[in-house]
Amino acid sequence: NLRADVPVALSLSSGIDSALIAAIAKKEYNVKLQCITAGYENNPNTDERDKAKYISNLYEHDYHEIEISENELKADFFSFCESLDEPIADIAGYSYSRIFKKAQEIGIKVILSGIGSDELFCGYNAYREAFSGGESQINEVMNAKLDNELKMMKAVNQVASEFGVKILQPLLSEKFIKYAKTVPISE
Numbered sequence: 006n007l008r009a010d011v012p013v014a015l016s017l018s019s020g021i022d023s024a025l026i027a028a029i030a031k032k033e034y035n036v037k038l039q040c041i042t043a044g045y046e047n048n049p050n051t052d053e054r055d056k057a058k059y060i061s062n063l064y065e066h067d068y069h070e071i072e073i074s075e076n077e078l079k080a081d082f083f084s085f086c087e088s089l090d091e092p093i094a095d096i097a098g099y100s101y102s103r104i105f106k107k108a109q110e111i112g113i114k115v116i117l118s119g120i121g122s123d124e125l126f127c128g129y130n131a132y133r134e135a136f137s138g139g140e141s142q143i144n145e146v147m148n149a150k151l152d153n154e155l156k157m158m159k160a161v162n163q164v165a166s167e168f169g170v171k172i173l174q175p176l177l178s179e180k181f182i183k184y185a186k187t188v189p190i191s192e
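In the working numbering, the protein residues as written are 6 to 192.
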């Protein structure tokens, strides 16, 4: 995914998954990414922009950030919803649309996303509850989480296409999912 004839961007949060992609791009491929991060105005508890900027600078990538105001969200909400074949029950869908808009503005055609590691490596509370049920229950939760994420990313890709952008999720590729499922749950 990092070998491209066009500049590549990364939808960068401060999470380990997108930070891992930023690190691999620099250390393994010596690729400079355009990192794009979105944050919400007046929401310091969930705003990851400072940490994302730190990660981008650490790996010598270019950094772009978007601040989304409540007024912008209200103004764009209905047109955003109308652009979808199915609703997305996650505010991240709107954040992605703003990231795609920014990507279009700076000439980006391909964006990488780190989505997938929480689904594959037990990063949700539902997994903690499933541990008592053993490996089969954990696998059920994993498959449900993956199915949900793949459906959401299909909708997100639809939004991306409206901005002439393609989003790639290396951690949700068939090859990586197959590999991740070989890692013993105890690990």
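Ideal Cβ positions, reconstructed from N, Cα and C, are used throughout, including at glycine.
Span separating the alpha-carbon of residue i from that of residue j
| i | j | result |
| --- | --- | --- |
| residue 13 | residue 156 | 23 Å |
| residue 144 | residue 172 | 27 Å |
| residue 108 | residue 77 | 18 Å |
| residue 170 | residue 137 | 42 Å |
| residue 33 | residue 58 | 20 Å |
| residue 84 | residue 148 | 32 Å |
| residue 167 | residue 129 | 31 Å |
| residue 104 | residue 132 | 30 Å |
| residue 191 | residue 127 | 11 Å |
| residue 163 | residue 135 | 33 Å |
| residue 142 | residue 176 | 22 Å |
| residue 81 | residue 42 | 19 Å |
| residue 48 | residue 79 | 16 Å |
| residue 146 | residue 28 | 29 Å |
| residue 22 | residue 95 | 19 Å |
Of the listed residues the options, nearest to residue i (C-alpha basis)
| i | options | result |
| --- | --- | --- |
| residue 174 | 17, 111 and 11 | 17 |
| residue 120 | 191, 46 and 26 | 26 |
| residue 189 | 24, 140 and 99 | 140 |
| residue 56 | 73, 71 and 20 | 20 |
| residue 159 | 101, 47, 106 and 133 | 101 |
| residue 97 | 113, 118, 112 and 181 | 118 |
| residue 181 | 161, 151 and 79 | 151 |
| residue 178 | 24, 154, 48 and 131 | 154 |
| residue 44 | 63, 131, 133 and 75 | 75 |
| residue 111 | 142, 70, 134 and 82 | 70 |
| residue 63 | 99, 24 and 42 | 24 |
Same chain only: Cβ atoms within 7 Å of residue i, ignoring 5 sequence neighbours per side
| i | result |
| --- | --- |
| residue 65 | 31 and 37 |
| residue 114 | 11, 169, 170 and 171 |
| residue 161 | 98, 101 and 172 |
Same chain, Cβ closer than 6 Å to residue i, neighbours up to 5 away in sequence not counted
| i | result |
| --- | --- |
| residue 40 | 15, 17, 61, 66 and 68 |
Closer than 6 Å: residue i CB and nearest the ligand SAM heavy atom
| i | result |
| --- | --- |
| residue 181 | Among the components of this structure there are no ligands whatsoever, and the ligand SAM is therefore not found. |
Own chain, CB closer than 8 Å to residue i, minus 5 neighbours either side, in chain order
| i | result |
| --- | --- |
| residue 116 | 13, 14, 15, 16, 41, 104, 105, 108, 165, 170, 171, 172 and 173 |
| residue 46 | 72, 73, 74 and 75 |
message = Taking 8 Å as the cut-off, does the region 51-67 touch the region 75-95 (at least 3 CB pairs, one atom from each stretch)?
response = no
query = Quick one: complete beta strand (DSSP E) runs, 3+ long, within the region 145-174?
reply = 171-173
ask   = So, do the region 177-185 and the region 116-135 have three or more beta carbon pairs nearer to each other than 8 Å?
value = yes
task = Identify every run of the beta strand (DSSP E) within the region 56-100, keeping only runs that are complete inside it and at least 3 residues long; order them along the chain.
result = 67-73
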